[in-house]
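Heads up, the thing below is written out as structure tokens.
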Amino acid sequence: KSKKQNNNNNNNSNSNNNNNTQYYLDFGQSTFNQSLTCPICNTMYQPSIPSEVLSHQKTCSPYKLGVKFPNPKSSSPILSFKTSNAKLDLVKKIVDSEMGFCDSSIPPHLTTYIYLNSSSRCVGYLTVHPLSSCYT
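Here it is in structure tokens:
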């Protein structure tokens with residue numbers, strides 16, 4: 017069965033207003049020309065295109081496995097950060113997308129704590145505003 021897609025390009029510089037038609041063969045594949053949305057990372061991709069599958073795997077890996085941090089020098093699984101870095105931004109992006117927040121930037125005056133599991137992957141995230149004084 018042959019199908020066609022019409023792609024009308026309206027270029028003012030081209031005086032021949034060409035009608036570009038692309039034909040393709042549909043042999044009844046259930047996933048032909050269909051995009052999937054990953055339920056884990058919400059990335060849309062086409063499984064029939066290897067480069068998109070690879071890109072999706074790179075995007076989805078931090079969501080599935082957690083963001084890996086360097087082994088802490090201390091025995092404590094909790095790390096503290098006063099400034100933002102690329103890994104913290106990735107964790108914040110994942111947390112924001114799961115919580116439904118829009119802003120993914122970390123203000124500079126906040127302190128971030130992360131909790132690492134035994135394989136040094138982030139499994140907990142906390143951002144706090146340090147207090148200089150307390151009123152009781």
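In terms of the numbering used here, the sequence shown is numbered consecutively and its last residue is 152.
C-beta: ideal position from N, C-alpha, C; glycine also.
Only a predicted model underlies this, so the values are computations on that prediction, with no experimental measurement involved.
- Between the segment 105–113 and the segment 62–73, the count of C-beta pairs closer than 8 Å stays below three; the two stretches do not touch.
- A straight-line Cα-Cα distance of about 32 Å links Tyr141 and Pro63.
- For Ala102, the closest C-alpha among the options Lys89, Ile122 and Phe117 is that of Ile122.
- Unbroken alpha helix (DSSP H) runs of no fewer than 4 residues, entirely contained in the segment 66–123, are found at 66–81 and 102–115, following chain order.
- With 16 or more other CB atoms across the displayed protein chains lying within 10 angstroms of its CB, Tyr61 is buried.
- In this structure, Leu95 keeps its C-beta atom at 7 Å or more from the C-beta atom of Ile56.
- When the five nearest sequence neighbours on each side are left out, the beta carbons in the same chain lying within less than 7 Å of the beta carbon of Asn87 are those of Ser136, in order along the chain.
- The closest CA to that of Ser148, considering only Leu126, Leu132 and Asn133, is found on Leu126.
- Sequence-distant Cβ neighbours of His72 in its own chain, meaning closer than 7 Å and more than five residues away, are Cys54, Thr59 and Tyr61.
- According to DSSP, residue pairing for Leu52 in a beta bridge involves Tyr61.
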